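K.L.:
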Amino acid sequence: SVIWVGKAHATVRPELTDDEAGWPVRILKDAIADGVPYKDMLITAEHCMFFKGKLVPVRMLVNGVSIFYDKSITSYDYYHVETEQHSVITADGMLTESYLDTG
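Take the position in the sequence shown, starting the count at 1, then add 258; the result is the number in our numbering.
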């Protein structure tokens, strides 16, 4: 069950490398499969998606075409959903991880 929902703000630091600068990653609708995701989504680069039994940081999925750093966005809010145990949840039709509080 959900135990916490949080909001954070990010400001991109364009002088850093793409994967460290804080650009959000845009995953276009249908980038993974038909209806996956079912709409365009924006995710932080370190957030993990669940594929074939493994959590994969979204930065490792960037292909520059259907999954890319969206450099039109330089400041944004994002949200966390924490569950009792680190879990796989669904967002926009994709399997993703819940927030993991590492202290």
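We treat Cβ as the ideally placed atom computed from N, Cα and C, and that holds for glycine.
Because the structure is a prediction, the values reported are computed rather than measured.
#1: Ends of the beta strand (DSSP E) at ALA303?
#2: Curious, which full-length beta strand (DSSP E) runs of at least 3 residues does the stretch 304-340 contain?
#3: Need the endpoints of the beta strand (DSSP E) that GLU355 sits in, please.
#4: Take GLU304 as the anchor and find which of VAL339, ASP298, TYR296, LEU313 has the nearest alpha-carbon.
#5: Just list the residues that DSSP pairs HIS344 with in beta bridges.
#6: For ALA279, name the three-state secondary structure that DSSP assigns.
P.N.:
Reading from the atomic positions:
#1: Indexing the sequence shown from 1 puts residue 303 at position 45. First-last for ALA303: undefined, no H or E at that position.
#2: 306-309, 312-315, 325-327
#3: Indexing the sequence shown from 1 puts residue 355 at position 97. 352-355 is the span of the beta strand (DSSP E), which, as asked, contains GLU355.
#4: To locate residue 304, count along the sequence shown from 1; it is residue 46. It is LEU313 whose Cα lies nearest to the Cα of GLU304.
#5: In the sequence shown, the residue the question calls residue 344 occupies position 86. Answer by DSSP bridge pairing: none, since HIS344 is not bridged.
#6: As a position in the sequence shown, residue 279 is number 21, starting the count at 1. Three-state DSSP puts ALA279 in a helix.
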